[in-house]
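In this text, residue positions in the sequence shown follow full-length UniProt numbering: the first is 1, and each later residue adds one. Glycine is no exception: its CB is placed at the ideal position from the N, C-alpha and C atoms.
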Amino acid sequence: MTATLLEPTDTIGSLRADPTSTENGPQQLIHKYLLERSRTYCALCDIRQQGWENPTGDQFFQQQRQRADNPSPDGELYFYKMTIAIAKQLNSSTGAFDILQSSDEPSALDMGTAPGGFSATIMESYPKTTLRAITLPLKKGGHSVQFKHKRMKLDLWDINTLAGDMDLTYIPESHPAASTFTVTKLLGHEMFDVVICGCQVTRNQDLREWREHREAVRLQLAQLVIALEHVKSGGTLVAVMHKPEEIHTAELLHIFSKFSEISLFKPKRAHAKPIEAKELWKKQWIDSTLGTADGCANLSKRTADDARKLLDGYGTELVKLGRPIWVTQVAGLKRWLNISSFVTALNAVSLHPKSDFKYLITFGDSYTDNGRLNYYGSHQAHGPPPGVLPAETNVTASGGLTWPQYVRSSTGATLYDYAISGATCDNNNVARWAGFLNANFPSIITDEIPSFKKDRKTALYRGVTASNAVYALWIGTNDLSYTGILSDSQVAGTNITTYINCLWSTFDAIYATGGRRFVLLNLNALQLVGLYRPQSDGGAGDNQFWQNKTLYNQTEYAQKMLEYTTSANTIIDYGVPFNLLVKNRWPGAKVAVFDIHSFITEIYNKPKSFLEPPHNVKGFFHHCDVNGANCVDGPGSLDSYLWYDELHPSNKTDSLIAHEFVQVVSGDSKFGTYWGH
């Protein structure tokens with residue numbers, strides 16, 4: 001079974017809630033543990049503190065609650081569209097719904113359906129799915145369901161009243177709400193490929209006193225029991241959980257990790273069985289439903305010893321799991337607090353509220369890859385089947401998200417990323433061996449384009465048109481690298497012009513499928529990366545990407561890299577208009593060249609305008625030995641660095657690239673040159 005953690009989008013709520021201010025026991029131990037082991041968690045705590053001290057926070061939060069509790073028709077529609085966007089991003093990032101593509105009889109259970117965004121996303125992408133939906137009735141404080149479908153059966157129920165599904169056959173007449181329960185099983189023996197646990201207590205619910213302080217616990221337990229009871233073997237469970245650093249959430253994640261794969265970090269298996277967890281949670285629900293208030297409170301109590309045992313067995317994995325969520329929270333909270341020094345692609349939301357593209361399709365190497373190479377590594381060097389997107393990672397070669405992931409966040413576009421770390425444009429020109437694959441790294445021409453063409457014929461591209469899709473290509477870092485043209489290691493008879501011609505061939509292939517809007521990101525300023533910059537100018541010595549660099553004339557190679565990148569970029573500058581306008585190679589197409597070389601050079605020369613202090617453009621954040629092992633980070637914050645490691649831009653730099661990319665697409669960037677527009 002696969003379990004996917006979905007963190008709620010209530011950023012401000014995360015800011016206002018202080019998990020450490022009133023807790024000196026188990027939660028404080030976890031807090032201290034994370035502070036000592038995660039710089040990202042430290043940053044989140046700092047920004048939360050600023051939020052607590054911000055007097056506008058309470059007022060803003062009250063306004064947000066008011067709009068959520070009493071939505072207008074436009075507000076309901078906005079909420080519906082927002083949940084669709086979240087569902088698409090979740091599926092793109094984790095592949096949570098991909099099992100519906102391969103199932104003989106695809107089926108899904110959506111608990112907490114309203115407003116219907118997750119159900120709509122499933123039916124749009126996997127139209128053969130049979131969908132069962134359960135949501136709280138409007139008259140009991142629920143939200144309206146905006147989505148209907150002939151293959152969806154909608155049940156209006158309060159899940160906390162489904163006593164029969166908790167194996168209860170009798171409710172004592174003395175119970176204050178005995179008449180509200182049903183002991184008939186709602187779902188019977190139905191089984192589902194995907195189960196979504198999305199129910200949350202609404203503030204509009206009229207809860208009697210006995211329910212008020214135990215409702216959230218009961219609701220989570222009921223959903224988890226139903227999910228484990230009805231998910232097929234090998235199926236997917238998607239659950240809304242709050243804050244991985246909170247002890248109750250961490251305990252649930254620990255339990256799940258023992259019998260399932262949690263998509264946000266490397267899968268871990270143990271010997272516990274899901275039935276044990278199901279029976280435990282079922283008993284806890286019954287105790288909290290039929291027991292006394294004191295008994296229910298005891299279910300939530302944790303001791304310092306509980307926290308120590310949890311951290312001893314699961315602390316390291318908790319840090320790994322929490323980091324991408326904390327990164328997102330830090331970005332959101334900083335943006336809310338309007339801290340001017342924090343400039344990321346998320347700011348593009350306000351600059352470009354009406355993006356004119358709905359799909360972003362990307363090709364490239366590790367500068368762009370959001371996890372595709374991982375799939376090849378675990379599938380004998382084979383890519384995913386047509387119509388299936390591999391699971392994304394939130395910790396890429398940048399140390400965080402890649403630039404296309406930031407573009408998606410800022411524009412709401414759907415992202416299809418075919419980039420593969422280690423790729424060249426064509427293995428027939430420059431081929432690079434990957435020992436862990438026992439094959440060459442896949443290239444754009446030999447793999448990325450063929451994979452794209454196969455996907456193009458599937459439901460993934462049903463809504464893609466010539467006008468609403470942008471195709472971005474950023475390749476060449478490995479073609480010109482020490483293992484490529486720089487050391488004369490390319491295939492005999494090929495050269496820089498062969499690499500350039502491969503760019504045009506890539507556009508030929510995309511154009512033939514109907515693509516008309518292209519962005520070509522030119523070669524990075526590779527002479528500035530630590531890999532090629534001389535040690536005398538702050539560059540790296542022998543390293544994981546060039547293990548014997550110190551045996552070479554480093555100044556000569558840095559100069560050669562400057563010569564090669566600027567020469568290739570000049571050919572690109574003249575080659576685009578020649579192919580588009582003179583040769584009429586792509587009639588009706590629009591091509592923008594994003595001058596990454598100049599953009600990175602400007603960050604290098606003017607770091608105060610882009611990076612957080614202390615600005616570091618010559619060093620890099622992530623240091624490993626020549627074998628890529630024994631890695632250490634820092635010093636300082638990743639947001640201060642231009643480079644993540646000897647070769648790759650940092651997460652901060654990727655966010656800046658994403659922001660500028662959106663400007664390029666809209667025609668507003670000084671780093672963009674436009675042809676056919």
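Could you tell me the alpha carbon to alpha carbon distance between cysteine 631 and glutamine 544, rounded to whole angstroms?
Each residue's alpha carbon lies about 11 Å from the other.
Which runs of the alpha helix (DSSP H) spanning at least 4 residues fall entirely within the segment 550-598, listed in chain order?
Whole alpha helix (DSSP H) segments, 4+ residues: 554-577.
Is it the case that the Cβ atoms of valine 664 and alanine 568 are separated by a distance below 8 Å?
The answer is no: Cβ separation not under 8 Å.
Option in Asp654, Lys140 and His31 with minimal Cα separation from glycine 400
It is Asp654 whose Cα lies nearest to the Cα of glycine 400.
So the beta strand (DSSP E) arginine 132 belongs to, where does it begin and stop?
130-135 is the extent of the beta strand (DSSP E) around arginine 132.
Helix, strand or coil for serine 669, going by three-state DSSP, please let me know.
Serine 669 falls in the coil class under three-state DSSP.
Identified DSSP bridge partners for threonine 414
Paired residues: Tyr359.
Could you check whether the segment 141-149 touches the segment 112-129, counting it as contact only if at least three pairs of C-beta atoms, one from each stretch, sit closer than 8 Å?
Counting Cβ pairs under 8 Å, three or more are found: they touch.
Nearest to histidine 31 by alpha carbon, out of Ala108, Ala307 and Ala239?
Of Ala108, Ala307 and Ala239, the smallest CA-CA separation from histidine 31 is found for Ala307.
In chain order, what residues of the same chain lie with their CB nearer than 7 Å to the CB of tryptophan 157, ignoring the 5 residues before and after it?
Cβ within range, chain order: Ile134 and Leu186.
Just list the residues that DSSP pairs cysteine 197 with in beta bridges.
Residue pairing by DSSP places cysteine 197 opposite Met111 and Ala239 in a beta bridge.
Hey, quick one: how far does the alpha helix (DSSP H) through histidine 456 stretch, first residue to last?
For the sequence presented, residue 456 should be read as arginine rather than histidine. According to the DSSP assignment, arginine 456 belongs to the alpha helix (DSSP H) that extends over 449-456.
Roughly how many whole angstroms lie between the Cα atoms of asparagine 347 and tryptophan 586?
Because asparagine 347 carries a pLDDT of 31, less than 50, the predicted location of this residue cannot be relied on, and the following value inherits that uncertainty. Rounded to the nearest angstrom, the two C-alpha atoms are 34 Å apart.
If you run the structure through DSSP and keep just helix, strand and coil, what is alanine 434?
Strand at alanine 434.
Mark tyrosine 557 as exposed unless 16 or more other C-beta atoms lie within 10 angstroms of its C-beta, in which case mark it buried.
Buried, because 16 or more other Cβ atoms sit within 10 Å of the Cβ of tyrosine 557.
Buried or exposed: proline 404, going by 16 or more other Cβ atoms within 10 Å of its Cβ?
Here proline 404 is buried. Its C-beta has 16 or more other C-beta atoms within 10 Å.
Give me the residue from Gly463, Gly514, Tyr564 and Tyr552 with the minimum Cα distance to leucine 523.
It is Tyr564.
Inter-residue spacing [alpha-carbon to alpha-carbon] between residue 680 and aspartate 542:
For residue 680 there is no data in the structure shown, the boundaries of the chain being 1 and 677.
So the alpha helix (DSSP H) valine 626 belongs to, where does it begin and stop?
That residue, valine 626, is in no alpha helix (DSSP H); it is neither H nor E in DSSP.
Could you check what DSSP says for phenylalanine 518 in three-state terms: helix, strand or coil?
The answer is strand: DSSP assigns phenylalanine 518 an E or B state.
Can you tell me the Cα-Cα spacing of histidine 149 and threonine 411, whole angstroms?
Approximately 28 Å, taken between the alpha carbons.
Is the segment 94-102 close to the segment 118-126, with three or more CB pairs under 8 Å?
Segment contact: the segment 94-102 against the segment 118-126, three or more CB-CB distances shorter than 8 Å; contact assigned.
Status (buried if at least 16 other CB within 10 Å, exposed otherwise) for serine 669
Per the 10 Å Cβ criterion, buried.
Closest to isoleucine 226 by C-alpha separation, out of Glu246, Glu190, Glu245 and Gly234, would be which residue?
When only C-alpha atoms are compared, the closest one is Glu190.
Measure the C-alpha to C-alpha separation of glutamine 535 and serine 92 and round it to an integer number of angstroms.
The alpha-carbon separation between glutamine 535 and serine 92 amounts to approximately 41 Å.
Do you know offhand how far serine 263's Cα is from tyrosine 532's?
Any reading at serine 263 is ruled out, since the residue's pLDDT is 44, under 50, leaving its predicted position unreliable.
Counting beta carbon pairs with one atom in the segment 446-456 and one in the segment 507-515, are three or more of them shorter than 8 Å?
With a cut-off of 8 Å, the segment 446-456 and the segment 507-515 count as touching, because enough Cβ pairs lie within range.
Bridge-paired residues (DSSP) for aspartate 155:
DSSP lists Ile134 as partners of aspartate 155.
Is the beta carbon of isoleucine 475 sitting closer than 8 Å to the one on aspartate 595?
Between isoleucine 475 and aspartate 595, the CB-CB gap reaches or exceeds 8 Å.
Comparing C-alpha positions only, which one of Asp46, Asn651, Thr566 and Asp625 sits nearest to serine 598?
When only C-alpha atoms are compared, the closest one is Thr566.
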